[in-house]
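Number of protein chains: 2
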Amino acid sequence: MKMTPLITSAVMHFGEMGSRWGFNRTVGQILALIVLADEPISAQEIADALNISRGNTSMGLKELQSWRLVKQHLVPGERREFFIAGGDIWTLANRVFEERRKREIDPTMSLLRDLLLDTPANKTEANAQDKLNEIHDLLESVTAWSQELQNLGPDKLNTLMKLGSGVGRMLELKDKLLPGKNSVN
Amino acid sequence: MKMTPLITSAVMHFGEMGSRWGFNRTVGQILALIVLADEPISAQEIADALNISRGNTSMGLKELQSWRLVKQHLVPGERREFFIAGGDIWTLANRVFEERRKREIDPTMSLLRDLLLDTPANKTEANAQDKLNEIHDLLESVTAWSQELQNLGPDKLNTLMKLGSGVGRMLELKDKLLPGKNSVN
DNA sequence: ATAAACTTTCAGTAATTTCTGAAAGTTCAG
DNA sequence: CTGAACTTTCAGAAATTACTGAAAGTTTAT
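Taken in sequence, the protein lines are chains H and B. Here the first sequence is numbered in the working numbering, starting from 1 and rising by one per residue. Here the second sequence is numbered in the working numbering, starting from 186 and rising by one per residue.
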């Protein structure tokens, strides 16, 4: 893997951002390297290009595979394992999004459901429970909505995103369009 | 602040999740405590309730204020400062979302723009640049879209979210509805 | 001006996370 | 079965991040 200045700065940047996106620096760098490479790349090449230990590389790749952002690519007649991106950019973004939802929202939803089953012992608890309930509903809407968007598939999703402020106008016409359905509030 | 078991488990959980949401354990706990409290709460009370130092509390509050998740609440005739949530649950969620966008997407967009200005030196770089370009476009769409959704305001946004699979049907009718506008592709 | 009641800052320490590299594991050719 | 070429694991080291508490700062009352 030839590390040109362009690739180097992209890789470094994705390393820095990595921690904000849910993984650590090295994992971010490995991902960038694999995505930007125009050919499958071996673990050893990654370790060399990034100046990290072979062990660390192995763990990073394991993590990226668990996120399904990277997959193995077998080259016939090679003993080494090569790696390539787990899909196109859109797919990768989706996977990061999904995975983060699992880690950031689902556990909270589950706890909130439990806490909402208890009968509040006093005024303070009743108030806290109200708030927790609001949070629960919000997270539920967001989850359902993101699920919905995923079901639309890439092309419709793209249409929707490109629609821009048309969404607002469309909503105003909604009731005429889909009579009887979802007449909210 | 009376720490009932219900409140304690919620606070602890938000502490654990805190790091996944962009801040650290203590900051998450402080936020939960303030949101769930039914009355303004002083820094000392927070430190006591969470068993953390006064200094740490001060820093946590500073961070939460920078995220605009918490604000000061002056009580006449009191020298101490009290704190309350920066808004209702929906507002808070929005602010977290916005703030994270600023930290997670904007810097990358900016770097990508720069990198895309360079002329690729060879095949490998040209390929890498294509990928970077795809990433840039994706992030740009997402940013514009999230901006659009925010402009809709809470109620319309809620309508849209509750619409569920209706969104798909609506998109199919779109061109009849908004003729000439945004005929994508 | 002084003191009391509070807040913030920050150097040093503690806790947590990440990384290394040696050892153990796997696979395959001969 | 043996050894070469690779991979993974994991204990300890290094790096990073978070926390404490004492000192300095601020505000208000007298």
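In this text, a Cβ means the ideal position worked out from N, Cα and C, and glycines have one as well. Being a predicted model, the structure only gives us computed values, none of them experimental.
- Secondary structure at Ser146(H): helix, using DSSP grouped into helix, strand and coil.
- Residue nearest to Leu221(B) within the set Ile135(H), Ala10(H), Phe14(H), Lys131(H) is Lys131(H) (criterion: CA-CA distance).
- For secondary structure counted as the alpha helix (DSSP H) over 4 or more consecutive residues, the segment 2–79 of chain H holds these complete runs in sequence order: 5–18, 25–36, 43–50, 54–66.
- As the crow flies, the alpha-carbon of Gly262(B) is around 31 Å from that of Gln129(H).
- Residue range 89–104 is occupied by the alpha helix (DSSP H) that includes Ile89(H).
- Of Leu61(H), Val142(H), Asp155(H), Ala144(H), the smallest CA-CA separation from Trp90(H) is found for Asp155(H).
- For Glu81(H) against Ser42(H), the beta-carbon gap comes to about 7 Å, under 8 Å, which counts as contact.
- In this model, Arg280(B) and Gly245(B) are separated by some 17 Å (Cα to Cα).
- Straight-line measurement puts the Cα of Met1(H) at about 24 Å from the Cα of Ser19(H).
- In this structure, Pro225(B) sits near Val260(B), with a CB-CB distance shorter than 9 Å.
- The residues Ile219, Val220, in chain order, have a CB closer than 6 Å to that of Ala270(B) in the same chain once the five nearest residues on each side in sequence are set aside.
- Between Leu152(H) and Gly353(B), the beta carbon gap of about 6 Å places them in contact (Cβ cut-off 8 Å).
- Contact of Gly168(H) with chain B by beta-carbon distance below 7 Å involves Leu337, Lys341.
- Look at Ala128(H) here: in three-state DSSP terms it is helix.
- Taking a Cβ-Cβ threshold of 8 Å, the residues of chain H close to Val220(B) are Lys131, in chain order.
- Along the segment 68–80 of chain H, there is no position whose C-beta sits under 8 Å from a C-beta of chain B.
- Chain-ordered, the chain H residues with CB closer than 7 Å to the CB of Asn312(B) read Asp38.
- For a cut-off of 8 Å, the C-beta gap from Arg239(B) to Gln250(B) is around 17 Å, too long to register as a contact.
- At least one C-beta of chain B is nearer than 9 Å to the C-beta of Phe14(H).
- Straight through space, the alpha carbons of Leu115(H) and Leu191(B) are spaced by roughly 7 Å.
- Put simply, the backbone Cα of Leu296(B) is about 49 Å away from that of Asp118(H).
- For Pro120(H), there is no enclosing alpha helix (DSSP H), as DSSP gives it neither H nor E.
- One Cα belongs to Arg79(H), the other to Arg210(B), and the distance between them is close to 45 Å.
- Against chain H, a Cβ distance below 8 Å from Leu191(B) picks out Leu115, Asp118, Pro120, Ala121, Glu125, Ala128, Gln129.
- Distance from the CA atom of Gly22(H) to the CA atom of Gly87(H), rounded to whole angstroms, is 19 Å.
- One finds Ile320, Leu323, Leu324, Val327 in chain B with Cβ atoms closer than 9 Å to the Cβ of Ala93(H), taken in chain order.
- By alpha-carbon distance to Met109(H), the top candidate from Val142(H), Pro120(H), Asn127(H) is Val142(H).
- For Val27(H), the CB contacts under 7 Å within the same chain, skipping 5 residues up- and downstream, are Gly18, Gly60, Glu63, Leu64 in chain order.
- CA-to-CA, the gap between Ala306(B) and Asp38(H) works out to about 14 Å.
- The Cβ-Cβ distance between Leu138(H) and Ala278(B) falls below 9 Å.
- Listed along the chain, the chain H residues whose CB falls inside 9 Å of the CB of Ser194(B) are Leu111, Asp114, Leu115.
- Below the 9 Å Cβ cutoff, chain B contributes His198, Phe199, Met202 as neighbours of Thr108(H), in chain order.
- Looking at Val70(H), Lys71(H), Val11(H), the one whose alpha-carbon comes closest to that of Ala49(H) is Val11(H).
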